[in-house]
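Novice:
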RNA sequence: GCGCCCGUAGCUCAGCUGGAUAGAGCACCAGCCUCCGACGCUGGGGGUCGGGGGUUCGAAUCCCUCCGGGCGCGCCA
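In the working numbering, the protein residues as written are 3 to 563.
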């Protein structure tokens with residue numbers, strides 16, 4: 003609904019420039035936003051305040067001139083000037099009725115936009131190494147990353163979801179040795195238990211499956227356990243396959259999917275690592291010192307230079323990261339979003355520096371990072387410590403089983419991702435008013451229930467008639483609901499622009515509240531056919547909007563609870 | 001010590017690129033089911049927006065500083 007208003011404002015500004023009221027080169031950085039208060043209309047702009055100085059006028063006088071220069075439009079009912087010089091726009095009811103028509107006509111596409119139209123985008127998230135079960139942090143990464151992918155998709159982008167994992171490094175070697183030790187009957191604490199081993203019980207499960215000769219299928223591979231505890235290479239391959247399969251199963255249960263699985267080992271096989279090193283050297287940002295090859299990341303804002311090839315000839319972790327992001331670029335992704343735990347933020351600068359040092363024209367803001375902060379898990383009023391080494395461990399699978407997929411996803415997405423958050427298992431489990439996800443889902447189910455009632459009473463909803471008769475809905479709660487629904491496209495745009503899916507979560511709560519309030523204030527299934535059709539039209543528009551919003555969060559919209 | 005994130009009602013958190021009297025949920029108090037599902041609705045109390053400066057018509061929002069949390073600062077990932 004904003005676009006036509008902005009167009010009107012721009013026309014008014016052009017008129018004033020032509021009339022000499024405004025200088026031709028006046029900057030037009032102004033804001034058009036939803037008025038917080040209904041008394042201030044539907045939208046308000048500070049354009050007169052922003053332009054008062056360059057126009058050498060006072061804000062209220064300029065506002066008067068602007069309003070006078072505003073073209074006539076049927077969408078506008080009234081335009082006021084208030085306070086220091088705000089211009090308040092009161093939309094006509096027809097503007098909202100048309101928006102309800104859009105919501106119903108566009109259905110699942112209501113709220114989509116063209117912000118990122120056609121941009122080939124890769125969204126990378128989770129990217130856990132296959133050394134153990136996924137924990138709640140991975141859950142947050144999955145919920146946030148997946149939701150961002152959905153937001154960009156409805157914004158027109160051509161999105162690929164990607165999972166990157168290390169299948170060759172030191173940690174994998176550790177995994178293999180740990181599994182081997184288990185296969186030989188050792189346990190943590192035994193004299194010959196490896197020093198840096200993974201102590202979790204799940205390693206024992208992997209070892210047993212290996213010894214049984216189980217067959218593990220994952221990501222188009224099948225790996226069978228070779229049963230031989232001395233074959234470390236076979237153990238490594240089996241353990242990676244086993245844990246990857248488990249992680250994939252957990253993510254699938256969480257509703258988080260991927261288009262690509264990208265292996266670190268492939269970067270070596272395809273020569274991408276060597277190519278990256280070669281290019282970095284060629285562009286003169288490297289030097290040797292102490293037998294190691296350094297990258298002069300300080301040329302690009304880092305506080306010290308970084309080793310890229312160690313004196314033993316192997317690479318530090320960040321070089322494959324640079325090679326990996328180069329590969330994203332080379333695969334044609336002009337936009338890359340990388341979702342990471344905030345504990346990795348130290349590596350961002352290095353990877354970006356490496357990409358710039360390549361001199362291949364990769365933009366400075368490539369990739370765009372979205373970080374998520376730690377999640378503290380509470381159960382029974384106490385913090386549950388997460389540790390791969392210790393026994394106490396809440397896995398993502400535990401949460402899905404205990405709390406449910408929808409509530410877990412909602413809780414993990416409802417907070418701004420760069421804020422630390424507390425995940426209270428007892429709260430998330432409670433199916434009460436403590437729990438916003440059920441409140442929102444219930445609003446959706448309620449409308450479904452009304453339609454079932456309609457059917458049971460042998461009545462029929464005439465959609466076209468309902469839309470035509472929306473003018474009969476002029477009550478306070480009905481208007482409020484229309485306003486909420488019409489905000490949805492703006493919220494989607496804001497969330498997609500800032501890569502902040504939590505905005506959708508907050509919005510949905512407000513929308514659900516408006517619907518519940520409306521539900522209590524008015525009866526839907528009344529005898530007056532026109533009023534009935536109109537009220538159902540509004541309710542269905544709300545239901546559609548809730549369903550669309552929940553889908554962006556990866557949360558289901560049940561027809562009954 | 002340096003860098004990044006954060007500090008808003010008793011608790012958990014919103015507050016969009018600065019805007020018009022600071023919001024929601026929970027908890028607490030008082031009401032609402034002969035009525036389309038009460039997993040709901042209505043009303044009420046409750047805040048020096050961590051402290052202090054600055055920028056300007058206007059600051060929870062931007063800048064500086066201090067205090068208090070978290071996370072990073074390896075030839076680990």
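A virtual CB, placed ideally from N, CA and C, is assigned to each residue, including glycine. On a predicted model such as this, the values are computed, not experimentally measured, just so you know.
Can you give the Cα-Cα distance for residue 226 and residue 119, rounded to whole angstroms?
Specialist: The alpha-carbon atoms of residue 226 and residue 119 are separated by roughly 44 Å.
Novice: Going along the chain, which unbroken runs of the beta strand (DSSP E) with 3 or more residues stay wholly within the stretch 245 to 328?
Specialist: Taking only runs of at least 3 residues, the beta strand (DSSP E) segments lying wholly in the stretch 245 to 328 are 262 to 265, 288 to 291, 294 to 297, 308 to 311.
Novice: Determine the burial state of residue 222: buried for a count of at least 16 other Cβ atoms within 10 Å of its Cβ, exposed for fewer.
Specialist: Exposed, because fewer than 16 other Cβ atoms sit within 10 Å of the Cβ of residue 222.
Novice: Helix, strand or coil: how does DSSP classify residue 561 here?
Specialist: Correct three-state label for residue 561: coil.
Novice: Please state the DSSP three-state secondary structure of residue 525.
Specialist: If DSSP states are grouped into helix, strand and coil, residue 525 belongs with coil.
Novice: Could you tell me the boundaries of the beta strand (DSSP E) in which residue 35 lies?
Specialist: Looking at the DSSP string, the run of the beta strand (DSSP E) that includes residue 35 is 34 to 36.
Novice: Compute the Euclidean distance between the alpha carbons of residue 100 and residue 490, then round it to the nearest angstrom.
Specialist: Cα to Cα, the separation comes out at about 14 Å.
Novice: How would you write the range of the beta strand (DSSP E) that residue 217 sits in, first residue to last?
Specialist: Unbroken beta strand (DSSP E) run through residue 217: 217 to 220.
Novice: State the DSSP-derived secondary structure class of residue 3, mapped to helix, strand or coil.
Specialist: Residue 3 falls in the coil class under three-state DSSP.
Novice: Should residue 466 be labelled buried (16 or more other beta-carbon atoms within 10 Å of its own) or exposed?
Specialist: With fewer than 16 other Cβ atoms within 10 Å, it is exposed.
Novice: Should residue 352 and residue 317 be called a contact, given that it needs their Cβ atoms to be closer than 9 Å?
Specialist: No, they are not a contact pair.
Novice: At the level of alpha carbons, what is the spacing between residue 215 and residue 238?
Specialist: Taking the straight line joining both Cα atoms gives about 14 Å.
Novice: Can you grab the Cα-Cα spacing for the pair residue 3 / residue 97, in whole Å?
Specialist: Cα to Cα, residue 3 sits roughly 8 Å from residue 97.
Novice: Touching or not, the stretch 539 to 553 and the stretch 184 to 193, by the rule of three or more beta carbon pairs under 8 Å?
Specialist: With a cut-off of 8 Å, the stretch 184 to 193 and the stretch 539 to 553 do not count as touching, because too few Cβ pairs lie within range.
Novice: Secondary structure at residue 439, three-state DSSP: helix, strand or coil?
Specialist: Three-state DSSP puts residue 439 in a helix.
Novice: In this structure, does DSSP put residue 423 in helix, strand or coil?
Specialist: Strand.
Novice: Taking the CB atoms as reference points, tell me whether residue 88 and residue 44 lie closer together than 9 Å.
Specialist: No, they are not a contact pair.
Novice: May I ask you to report which of helix, strand or coil DSSP gives residue 370?
Specialist: Note: residue 370 maps to strand in three-state DSSP.
Novice: Give a yes or no on whether the C-beta atoms belonging to residue 441 and residue 497 are separated by under 9 Å.
Specialist: No, the pair does not count as a contact, with Cβ atoms beyond the cut-off.
Novice: Would you grab the beta carbon distance between residue 156 and residue 396 for me? Rounded to a whole angstrom, and I think it's under 8 Å.
Specialist: About 32 Å separates the two Cβ atoms, so there is no contact after all.
Novice: Leaving out the 5 sequence neighbours to the left and right, which residues in its chain are closer than 7 Å to residue 292 when beta-carbon positions are compared?
Specialist: The residues are 313.
Novice: Answer yes if the stretch 276 to 291 comes into contact with the stretch 162 to 179, meaning at least three C-beta pairs across the two stretches below 8 Å, and no otherwise.
Specialist: No, because fewer than three Cβ pairs between the stretch 162 to 179 and the stretch 276 to 291 fall closer than 8 Å, the two stretches do not touch.
Novice: Is the beta carbon of residue 406 closer than 9 Å to that of residue 381?
Specialist: It is not a contact, given that the beta carbons lie outside the stated cut-off.
Novice: How would you call residue 391, buried or exposed, if buried means at least 16 neighbouring beta carbons within 10 angstroms?
Specialist: Bear in mind that a pLDDT of 47 at residue 391, under 50, signals an unreliable position, so the number given afterwards is only what the model happens to contain. Flag for residue 391 reads exposed.
Novice: Taking the Cβ atom as the reference point for each residue, do residue 133 and residue 77 lie within a distance shorter than 9 Å?
Specialist: Cβ atoms of residue 133 and residue 77: not closer than 9 Å.
Novice: Which parts of the stretch 67 to 136 are runs of the alpha helix (DSSP H), unbroken and 4 residues or longer, counting only runs that do not cross its ends?
Specialist: For the stretch 67 to 136, whole alpha helix (DSSP H) runs of length 4 or above, ordered along the chain, are 95 to 108.
Novice: DSSP on residue 481, reduced to helix/strand/coil?
Specialist: In this structure, residue 481 counts as helix in the three-state DSSP scheme.
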